[in-house]
Amino acid sequence: MTSDRAAFVEQRLRTSASKRGASVIPFIVGGHPSLGATERTLAALAGAGAPIVEVGVPFSDPIADGPVISQAMKRAIESGTTPAALLASIARVRAGVPAGIVLMVSVSIVERIGRERFVGAACDAGADGLVVPDLDLDEAPEMAACCRSRGLCMAMLVAPASSPERRRRIVEHCSGFVYLLARQGVTGAGSRASADANSRPNDAEEDLSRRVAELRSITSLPIACGFGISTRAQVEMVLRHADAAIVGSSLVRGMDGAADEHAAAASAADLLRSLSGAASFAQ
Numbered sequence: 545m546t547s548d549r550a551a552f553v554e555q556r557l558r559t560s561a562s563k564r565g566a567s568v569i570p571f572i573v574g575g576h577p578s579l580g581a582t583e584r585t586l587a588a589l590a591g592a593g594a595p596i597v598e599v600g601v602p603f604s605d606p607i608a609d610g611p612v613i614s615q616a617m618k619r620a621i622e623s624g625t626t627p628a629a630l631l632a633s634i635a636r637v638r639a640g641v642p643a644g645i646v647l648m649v650s651v652s653i654v655e656r657i658g659r660e661r662f663v664g665a666a667c668d669a670g671a672d673g674l675v676v677p678d679l680d681l682d683e684a685p686e687m688a689a690c691c692r693s694r695g696l697c698m699a700m701l702v703a704p705a706s707s708p709e710r711r712r713r714i715v716e717h718c719s720g721f722v723y724l725l726a727r728q729g730v731t732g733a734g735s736r737a738s739a740d741a742n743s744r745p746n747d748a749e750e751d752l753s754r755r756v757a758e759l760r761s762i763t764s765l766p767i768a769c770g771f772g773i774s775t776r777a778q779v780e781m782v783l784r785h786a787d788a789a790i791v792g793s794s795l796v797r798g799m800d801g802a803a804d805e806h807a808a809a810a811s812a813a814d815l816l817r818s819l820s821g822a823a824s825f826a827q
């Protein structure tokens, strides 16, 4: 694996896009339904073709997450999953997981542990980057520099309502990829990938196409689009414009009802294969 993990993440997305036309990035909650399941699921998702896997670090007050992911995080915390325990799990399986691993983590966790200490621990565990969804833009330069010092990528979120100036400032601090929100609000399956829940499907796609084009005019990084994406049709729509679609709640929900760790991993991998098939028809 390259020592510059930001470049590794970017290359994983570009290679996947060149082979398939686009990519599906799975999101899972670390420690849900158990740390053992997380380890098995990382390997299973990589085997199912995930270019990178996004792993949520459980947090007691996930402001951007809908009920499925919030409940999964609550259960993971109640079962004893801590940031340190999750990183130890990642370290145990890292050598056998060729996919990139990117942590989605609240800035509250990072600051409580200490920015340099957390980034260093993530790097030592084998993570390739961070997404810090609640990071204040004014704090982005310091966080980006800290990640850069360890070779990690840092992707930031671009909301539908972001002004041109804010978009420009955000992408300046991104590496690896840019995380474009498909819609305003919280995560969760069942919502249309759109900035306006009342818009017609064609309007939603036109809106997404416009916002992707706006980002492409100011950055050459891959653009991954997430929030509210759960169906094959939604994945196909997103991948006609962005480089990757991020799918989370539907994977987490499928793992909820699994009988054991093996079944949880298999459920996530099966859904990823099903949704990844949409990439072949997206272009």
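At position 44 of the sequence shown (counting the first as 1) the number is 588 in my numbering, and the numbers step up by one without a gap. Note that the Cβ used here is the ideal one computed from N, Cα and C, for glycine as well.
Item	Value
I613 and P595 closer than 8 Å at C-beta	no
Separation of A684 from P602, as counted between CA atoms	22 Å
Beta-carbon proximity check, A616 vs V573, cutoff 8 Å	yes
7 Å Cβ shell around V553 - same chain, five flanking residues per side excluded	I596, G644, V646, D672, G673, C697, G720 and F721
Exposure of E598, with buried meaning 16 or more beta-carbon neighbours within 10 Å	buried
Between the CA atoms of V641 and A590 - distance to the nearest angstrom	6 Å
Contact under 8 Å by Cβ, L752 with V715	no
Pair within 8 Å by beta-carbon distance, C667 and R710	no
Contact under 8 Å by Cβ, A588 with A788	no
C-beta contact flag for L783 and R755 at 8 Å	no
Member of S774, I634, E749 and H785 whose CA lies at the smallest distance from the CA of G600	I634
Span separating the alpha-carbon of A757 from that of I790	18 Å
Three-state secondary structure (DSSP) of L631	helix
Assigned secondary structure, V601 (DSSP; H/G/I helix, E/B strand, else coil)	coil
Cβ neighbour criterion (16 or more within 10 Å) applied to S761	exposed
Distance between R727 and V651 (C-alpha atoms, nearest Å)	22 Å
Same chain only: Cβ atoms within 7 Å of S560, ignoring 5 sequence neighbours per side	S567 and P595
Span separating the alpha-carbon of L679 from that of A705	17 Å
Burial state of R661 (16 or more Cβ within 10 Å)	exposed
With 16 other Cβ atoms within 10 Å as the buried cut-off, status of L765	buried
From A777, R656, A699 and G658, residue whose alpha carbon lies closest to that of V676	A699
Distance, H806 Cα to S707 Cα	45 Å
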